[in-house]
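First up is the structure itself, then whatever we jot down about it.
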Amino acid sequence: MLAGVVQKGELEWEVPIGFVPGMRVPGKFYLSARLEEILEEGAVRQLANVATLPGILCCSLAMPDIHWGYGFPIGGVAAFDLTEGVISPGGVGFDINCGVRLLATPLGQRDVAGRRDLIDAMYQAVPTGVGAKSSLRMDAKTLDGMMMKGARYAVEAGYGLPGDLVRCEENGFMKAADVKAVSGKARQRGVPQGGTLGSGNHFLEIQVVREIYDPEAAKAFGLAEGQVCCMIHCGSRGLGHQVCTDHIKILEESTRKYHIRLPDRQLACAPIGSPEGTAYFGAMAASANYAWANRQVITHAARNVFKKLFRIPHEEIPLIYDVAHNVAKIEEHTVDKKKRMVCVHRKGATRAFGPGCPDIPADLSSIGQPVIIPGSMGTPSFVLKGTRGAMEKTFGSTCHGAGRVMSRSQAKKKISGKEIAESLARQGIYVRAPNEAAISDEAPDVYKPSSEVVRVVHEAGISRLVARLDPVGVIKG
DNA sequence: ATGTGC
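To convert, count from 1 in the first sequence and add 89; that's our numbering.
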């Protein structure tokens, strides 16, 4: 471990005040011995840098999938006081409301075994890849609808079931959305991309529930062993990316205007209540809503495929839950034994609200929020539940997935897409992608092992394992 | 992540 970092428990580490100059609170992160081997020094420094920001509460946090990001580490969680604190695009990331949702089908493993046509049909139904274009009739009005009302807009337009909304974090949209704070350029990029999957680690996967760790929670969530599920992982595409780019530029100015001293200019930020901070928050919320609408439209396309191939009505394919893992939100938390509203940044971290929280579906109140953790291509995904431990220790947050250990360019040089596809095929996993590079970029070994990341959050008690899902087919960008 | 790299 880096000099100066202190082990506080088997899986808990502290970066003391003074590790970098100007820290207002300590840093804290979760890590096992195995993950320690691939920990980047730069990511720990970034965690400490975040602790210098005005109004930060308690500590600068990181989950076991911590890695180096823009300004803030990916896997980072930071909460700020609403009057003294700041908001920063670096604390959310470029892919605003990148997130993941899980659909359960009434099918069993035998129904989909060898059914390459299921994956082929999904690949036809969902626009996939870097420049993927929408199959919707998108215009300025549709875009506004998606940005203002998110998944609700999509459901009202016929892309989904009313019951889907209560199964989304925030019920599928943030009211704070401000379309006026979204630039013309961002809008231009958003219009043709409504309902598209994108590229990189984004995917649509057919999975089978292979192991249940918590029968009571699995039953309450609607999951059973052997059940076929469909997982959708995507974000806000070029729109969110442009919003982030635009507002970083604006907030670099505000940093000077409000005399905020930063150890790294990538932490560009503004007071939460300032005009610039409010504009970023509004544009970020609009992008988050666009991403929720995206996942909702893709959900509808996936249900159509199951209906066509297996004659299953949409109503028999419920949404288990939809989580955001790149977003900032105003939430109520207990700080120094007092309840208060704070601004929580989660960047590559998932909300994991525990039992009794008013923001989770009423029928799951005694269990905790479903948490969905996608694996990397060809590796298992996990369903967990939120805990009281998360409420006490991490502002109701847990990990988001695997986290890269190798850059895209490295991966391309080292690994052939064709060989990976063949190796996955031998494991019974059928992959469809627009080109070979899309596969080599996202090869299983360019990621940290998701099972180890999940084990750490489970044992640390900031969420608890419910089920493991193994992939049988995947479409990716 | 991204009309992929000032």
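The C-beta atom is built at its ideal place from N, Cα and C for all residues, glycine as well.
Just grab the DSSP bridge partners of V297 for me.
Indexing the first sequence from 1 puts residue 297 at position 208. DSSP, once it has assigned bridges, lists V317 and D559 as partnering V297.
Is it buried or exposed, S455, if we count other Cβ atoms within 10 angstroms and call 16 or more buried?
Your numbering for residue 455 matches position 366 in the first sequence. Classification for S455: exposed.
Under 8 Å: do the region 243-257 and the region 387-402 share three or more Cβ pairs, one atom per stretch?
yes
To which residues of the same chain is R113 closer than 8 Å at the C-beta, ignoring the five residues directly before and after it?
The residue given as residue 113 occupies position 24 in the first sequence. If we look at R113 and ignore the five residues flanking it on each side, its Cβ neighbours are I106, A140, T141, L142, P143 and I145.
My understanding is that V520 touches V563, with C-beta atoms under 8 Å, so please give their C-beta distance in whole angstroms.
In the first sequence, residue 520 corresponds to position 431, counting from 1. In the first sequence, residue 563 corresponds to position 474, counting from 1. Contact holds; Cβ gap of about 5 Å.
Do you know offhand how far M237's Cα is from E130's?
Working through the first sequence from its first residue, we reach residue 237 at position 148. Working through the first sequence from its first residue, we reach residue 130 at position 41. Going from the Cα of M237 to the Cα of E130 covers about 40 Å.
Using 8 Å as the threshold, is the C-beta distance between T468 and S552 below it?
For this step, residue 468 is matched to residue 379 along the first sequence. For this step, residue 552 is matched to residue 463 along the first sequence. Not closer than 8 Å, so no.
Are the beta-carbon atoms belonging to Q277 and S470 less than 8 Å from one another?
Taking the first residue of the first sequence as position 1, residue 277 is located at position 188. Taking the first residue of the first sequence as position 1, residue 470 is located at position 381. Cβ atoms of Q277 and S470: not closer than 8 Å.
Nearest to G284 (by Cα), restricted to the options T231, D452, C333 and S223:
Within the first sequence, residue 284 is the residue found at index 195, counting from 1. With distances taken between Cα atoms, G284 lies closest to S223.
Would you be able to state if there are at least three C-beta pairs under 8 Å between the region 254-272 and the region 197-209?
no
Alpha carbon to alpha carbon, what distance is there between S529 and P162?
Along the first sequence, one-based indexing puts residue 162 at 73. Along the first sequence, one-based indexing puts residue 529 at 440. Distance between the alpha carbons of P162 and S529: 24 Å.
Name the DSSP beta bridge partners of S486, please?
Counting from 1 along the first sequence, the entry for residue 486 is found at position 397. Paired residues: R440.
Within the region 117-202, ranges of the beta strand (DSSP E) (whole runs, at least 3 residues):
149-156, 163-170 and 188-197
For the pair the region 346-363 and the region 493-500, tell me if three or more CB-CB distances fall below 8 Å.
no
Can you find at least 3 beta carbon pairs, one from the region 482-495 and one from the region 531-541, that sit closer than 8 Å?
yes
Give me the Cβ distance between A240 and C257, rounded to the nearest whole Å; I'm assuming they're in contact under 8 Å.
Translated into positions along the first sequence, residue 240 becomes position 151. Translated into positions along the first sequence, residue 257 becomes position 168. Confirmed, about 5 Å.
Under the rule that 16 or more other beta-carbon atoms within 10 Å means buried, what is D228, buried or exposed?
What you label residue 228 is simply residue 139 of the first sequence in a count that begins at 1. Exposed, since its Cβ has fewer than 16 Cβ neighbours within 10 Å.
Excluding five sequence neighbours on each side, which residues of the same chain lie with their C-beta closer than 7 Å to the C-beta of R354?
Here residue 354 refers to the residue found at position 265 when the first sequence is read from its first residue. Only E341 meet the Cβ criterion.
Per DSSP, what kind of secondary structure is Q458 in: helix, strand or coil?
Within the first sequence, the letter at position 369 stands for residue 458. Here Q458 sits in coil by DSSP.
Reference C319, options N415, R190 and M430, closest by Cα
Along the first sequence, read from residue 1 onward, the residue named residue 319 stands at position 230. If we check each option's Cα against that of C319, R190 comes out closest.
Taking a contact to mean a Cβ-Cβ separation below 8 Å, would you say F183 touches C432 in this structure?
By one-based count along the first sequence, residue 183 stands at place 94. By one-based count along the first sequence, residue 432 stands at place 343. Going by C-beta atoms, F183 is not nearer than 8 Å to C432.
For L570, does the count of other Cβ atoms within 10 angstroms reach 16, so buried, or fall short, so exposed?
Any question about residue 570 goes unanswered here, given that the chain covers just 90 to 566.
Thinking C-beta only, is V412 closer than 8 Å to I461?
For the purposes of this step, residue 461 is identified with residue 372 of the first sequence, where counting begins at 1. For the purposes of this step, residue 412 is identified with residue 323 of the first sequence, where counting begins at 1. Yes. Within cutoff.
Roughly how many angstroms separate the alpha carbons of G324 and Q458, rounded to a whole number?
The residue given as residue 324 occupies position 235 in the first sequence. The residue given as residue 458 occupies position 369 in the first sequence. Computed Cα separation, rounded: 21 Å.
According to DSSP, is M430 helix, strand or coil?
As a working mapping, residue 430 is identified with position 341 in the first sequence. Correct three-state label for M430: strand.
Which ranges would you report for the beta strand (DSSP E) in the region 348-428 if only whole runs of at least 3 residues count?
408-413 and 415-424
Taking the C-alpha atoms as reference points, what is the distance between N290 and A221?
Indexing the first sequence from 1 puts residue 290 at position 201. Indexing the first sequence from 1 puts residue 221 at position 132. Taking the straight line joining both Cα atoms gives about 15 Å.
Can you check whether the CB of G261 is closer than 8 Å to the CB of K436?
To locate residue 436, count along the first sequence from 1; it is residue 347. To locate residue 261, count along the first sequence from 1; it is residue 172. Their beta carbons are not under 8 Å apart, which means K436 does not touch G261 by this criterion.
Does the contact criterion of 3 or more C-beta pairs under 8 Å hold for the region 208-215 versus the region 441-456?
no
Count the other CB atoms within 10 Å of the CB of P402; is the residue buried (16 or more) or exposed (fewer)?
Taking the first sequence and counting its residues from 1, the one referred to as residue 402 is at position 313. Exposed, because fewer than 16 other Cβ atoms sit within 10 Å of the Cβ of P402.
On the criterion of 16 or more Cβ atoms from any shown chain inside 10 Å, does E245 qualify as buried, or is it exposed?
Along the first sequence, read from residue 1 onward, the residue named residue 245 stands at position 156. By the 10 Å Cβ count, E245 comes out exposed.
Can you tell me where the beta strand (DSSP E) with E101 in it begins and where it stops?
Position 12 of the first sequence, counted from the start, is the residue given in the question as residue 101. Run containing E101: E101 to V104, per the beta strand (DSSP E) assignment.
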